[in-house]
Amino acid sequence: MGVNESGMVDNTIINGTPGPLKKAFPLGHQEKVIFLTVDVLLVVSIVLGNTLVILSVLLERRLRTPTNAFIASLAVADLMVGIIVIPIDIAFGLGYATDIQPLSCLASSNVLTTMIIVSILHLTVIAYDRYLAITDPLSYVMKMSRIRIILLIAIAWVTAVSLSVMPLLGWNNLQHFSHGYCDLLFIHASSYRFFSVSVSVICPLNLMLFFYFKMFRVAKRHMNRIAAQEATTARRPTLRRDVKAAKTVAMILGFFLAAWTPASLISVLDTFIKVDANLEEKLLIYELTFFHIAFTNSMVNPVIYAFRNKEFRHSFMKLTSAVFRCGCWIRRVRAAARGVEMTGYQDHISGSVTINRHGIENTNANIGSKALSMRVESCHSITSVQS
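Numbering (the working numbering) for the sequence shown: 28 to 414.
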């Protein structure tokens, strides 16, 4: 493969027959540097934030709830975006890798597709979890068992892999691969892209909208009852916590929509209008821009948890205290510990749910001893930070 006088690159032989001339990568050096800089910043932020989420759920017993189990699995998918998908985008999408084989380009694109589908399926499962917690709290603990949590997470990953492997089985655009660079989007057949967006984006979004519509209707009705009946104050802290958790997940869903809608639209553009090779080249800058916006979704989720959840915020600060050992940071950790302790008293009074190696347990019992244990653990954590 070589470059001829007209700036076209001679195509390698595909399936034993010469193909059309391949065009050189259309982005200039300055544009590639801008995208590369954004990619590096995204990788650092995504890896740091999602690692904190995963470690928090693994190490903090109070964070081992059904919802947080799904959030931790979502963080794994987001972490893979940072350590696998974006480096692939740098190598192939930005044209730093040369002499790309079409099959390598297709396989790389499928990794990106898998992570997208995994993320949105996890958001659907989390919405279902909050829907059960608010609309049917009495049977929630029984329905959301440890086995069911594992099963739902496994279904999300297996479904994502199954949908994304279809192009490798023949539903692809390899016969029309006519670029000297890897177009991670248009190497998929337009019919597959339309199918993928319909099944893995539109259908789950409709389910999520249904869940949120139902849960906020029920939550509003319950809050009105609680405001009118002081006798039900024991239920109030739990319901408010569930509503706040639902709002947090709704924020995550809202940002997911904002981040992925442009990328989804450009993915199915050629289903509605004719896109030839020249237009594909012009669309590349928009494709890269929209997908970089989409990548920010993997960075934002941990930020939302930190601002919306005291326990995540406290755990993040504890985990980073080994790096930031200044007095002001230790004081912040102490203040966060006191906030979590106060929240803990309310949680134990109203009852909370925790996952352990035996399954899910209700922590209504032994209120006094567990609250005291929380205070001892908080003091121990502060002492550890000081040492």
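All C-beta atoms in this analysis are idealised placements derived from N, C-alpha and C, irrespective of residue type, glycine included.
Output the distance between the C-alpha atoms of residue i and residue j, rounded to the nearest integer angstrom.
| i | j | result |
| --- | --- | --- |
| L212 | F282 | 22 angstroms |
| F62 | L195 | 28 angstroms |
| I180 | F97 | 7 angstroms |
| A134 | R91 | 35 angstroms |
| F20 | L236 | In the structure as shown, the chain begins at 28 and stops at 414. Residue 20 is therefore absent and cannot be evaluated. |
| N199 | Q57 | 32 angstroms |
| Y239 | R268 | 16 angstroms |
| L178 | V152 | 11 angstroms |
| F426 | A154 | As shown, the chain starts at 28 and ends at 414. That puts residue 426 outside it, with no answer to give. |
| L130 | A216 | 14 angstroms |
| K241 | T64 | 43 angstroms |
| A290 | I312 | 12 angstroms |
| A102 | L68 | 18 angstroms |
| L106 | H319 | 15 angstroms |
| R244 | K309 | 46 angstroms |
| A187 | K337 | 32 angstroms |
| S172 | L346 | 29 angstroms |
| H375 | L75 | Because the pLDDT at H375 is just 40, under 50, the model does not fix this residue reliably, and the point stays unresolved. |
| I229 | V327 | 22 angstroms |
| G197 | Y219 | 10 angstroms |
| I174 | V270 | 25 angstroms |
| S136 | L165 | 44 angstroms |
| I300 | M193 | 24 angstroms |
| D163 | K170 | 10 angstroms |
| L150 | I176 | 14 angstroms |
| L306 | R248 | 52 angstroms |
| M234 | G55 | Note that residue 234 corresponds to Leu in the displayed sequence, not to Met. Their backbone Cα atoms lie some 42 angstroms apart in a straight line. |
So residue i and residue j are in contact, right, with Cβ under 8 angstroms, and what is the actual spacing, rounded?
| i | j | result |
| --- | --- | --- |
| V185 | M142 | Actually they are not in contact, since the Cβ atoms of V185 and M142 sit about 14 angstroms apart, beyond 8 angstroms. |
| F222 | T298 | Not a contact, Cβ separation roughly 10 angstroms. |
| N460 | P329 | Outside the modelled stretch of the chain, which goes from 28 to 414, sits residue 460, for which no answer is possible. |
| P93 | D156 | 6 angstroms |
| A104 | V145 | 4 angstroms |
| I73 | S342 | The pair is not a contact, with the Cβ atoms about 18 angstroms apart (cut-off 8 angstroms). |
| I293 | F322 | The Cβ separation is near 14 angstroms, so there is no contact. |
| I117 | D66 | 5 angstroms |
| A183 | L148 | 4 angstroms |
| L190 | V226 | 7 angstroms |
| A273 | A246 | 7 angstroms |
Between residue i and the rest of its own chain, which residues show a CB-CB distance below 7 angstroms, the 5 nearest in sequence each way excluded?
| i | result |
| --- | --- |
| V138 | I111, V112, I115 |
| Y167 | L159, A160 |
| V276 | I153, A154, R157 |
| L82 | L346 |
| L315 | F62, G120 |
Under DSSP, the alpha helix (DSSP H) around residue i begins and ends at which residues?
| i | result |
| --- | --- |
| V80 | 56-86 |
| S223 | 217-224 |
| F343 | 337-347 |
| L212 | Unbroken run through L212: none, as it is neither H nor E. |
| D105 | 93-107 |
| I300 | First-last for I300: undefined, no H or E at that position. |
| V188 | 173-191 |
Classify residue i as helix, strand or coil using the three-state DSSP reduction.
| i | result |
| --- | --- |
| I127 | coil |
| H319 | helix |
| L421 | What the structure shows of the chain is the stretch from 28 to 414, and residue 421 is not part of that stretch, so it cannot be assessed. |
| N324 | helix |
| D163 | coil |
| G197 | coil |
| V295 | coil |
| Q373 | For Q373, the predicted structure reports a pLDDT of 43, less than 50, and the residue's modelled location is therefore unreliable. The matter cannot be settled from this model. |
Going along the chain, which residues of its own chain have a beta-carbon closer than 8 angstroms to the beta-carbon of residue i, five neighbours each way excluded?
| i | result |
| --- | --- |
| C132 | F119, F204, C209, D210, L211, I214 |
| I331 | T275, M278, I279, F282 |
| V224 | S291, S294, V295 |
CB-CB under 6 angstroms to residue i, same chain, minus the five flanking residues each way: which ones, in chain order?
| i | result |
| --- | --- |
| V84 | L90, N95, A99 |
| K59 | L121 |
| V80 | A102, P329 |
| E87 | S342 |
| T140 | S191 |
Is residue i close to the ligand GDP? I mean its beta-carbon at under 8 angstroms from any heavy atom of the ligand.
| i | result |
| --- | --- |
| L63 | Ligands in the displayed structure: none, and consequently the ligand GDP is not present. |
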